[in-house]
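Please read the structure below before turning to the comments.
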Amino acid sequence: MSQSTLDELVNRPYSFIVEANRDNGGWVIFYPDLPGCMTQADTYAEIAEMAEDALRTWLEANLEAGNPIPEPGDFSFAGWDWDKPEAKLRTTQEVAEMLGVTPRRVLAIAENRGVGRRFGRSVMFSEVDIEAMRPGPAGRPRHHMTRHTDAS
0 MSQSTLDELV NRPYSFIVEA NRDNGGWVIF YPDLPGCMTQ ADTYAEIAEM AEDALRTWLE
60 ANLEAGNPIP EPGDFSFAGW DWDKPEAKLR TTQEVAEMLG VTPRRVLAIA ENRGVGRRFG
120 RSVMFSEVDI EAMRPGPAGR PRHHMTRHTD AS
């Protein structure tokens with residue numbers, strides 16, 4: 000592998016996602032197109048440097064192993080409105096708290112209803128996805144009875 004090949008790959012337009020780590024502080028960074036490519040940064044100022052380091056390390060390891068390198072994907076998806084600044088993706092844990100279920104149950108519902116978007120090992124949800132996962136009315140579905148009259 001040549002350094003120019005690695006540099007060309009690093010300069011491809013791979014999107015990455017940064018999420019605040021509310022439990023431990025800092026930031027978690029992952030690349031949706033590159034399975035397992037993730038890192039963390041202690042401060043906001045370190046995000047770009049750590050993201051590039053993770054990308055370069057992941058690409059170098061996969062090139063040396065002879066693994067195929069995915070092309071950068073399209074970050075857009077249904078349910079995301081770029082014109083609304085308040086549009087927000089929510090984590091599986093956040094959705095679990097909103098719906099009052101476990102994160103495992105959120106993933107099962109999401110798979111069953113075909114909602115959510117996988118980014119690396121994480122699944123993120125838009126408001127449209129969350130509404131689709133909310134439970135319907137409790138109980139069995141109603142069957143409407145029709146009245147039959149005897150025409151004898």
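Numbering (numbering that gives the first Met the number 0), first residue to last: 0 to 151.
All C-beta atoms, glycine included, are put in the ideal place defined by N, C-alpha and C.
Keep in mind that this is a model prediction, so the values were computed, not measured.
With a cut-off of 8 angstroms, do at least 3 Cβ pairs link the segment 97–105 to the segment 56–67? no
Does the distance from the CB of F124 to the CB of G135 come in under 8 angstroms? no
Please tell me whether V27 and N20 are closer than 8 angstroms, where the distance is taken between their beta carbons. yes
DSSP three-state label for P84, please. At P84, the pLDDT of 49 sits below 50, so the modelled position is not reliable and the matter cannot be decided from this model.
Between the CA atoms of E7 and E48 - distance to the nearest angstrom: 17 angstroms
Which one of A60, F15, P71 has the shortest CA to CA distance from A50? F15
For D22 and T90, I'd like the C-alpha separation in whole angstroms. 13 angstroms
Under 8 angstroms, do A40 and G25 count as touching if we go by C-beta distance? yes
Among residues of its own chain, excluding the 5 on either side of I46, which ones have a beta-carbon nearer than 6 angstroms to its beta-carbon? V17, W26, A40
Kindly indicate which residue of M37, L54, P31, F29 has the alpha-carbon position closest to the one of L5. L54
Report the residue ranges of all alpha helix (DSSP H) runs contained in full by the segment 3–46; include only those spanning at least 4 residues, in chain order. none
Which partner residues does T101 have in the DSSP bridge list? DSSP lists no partner for T101.
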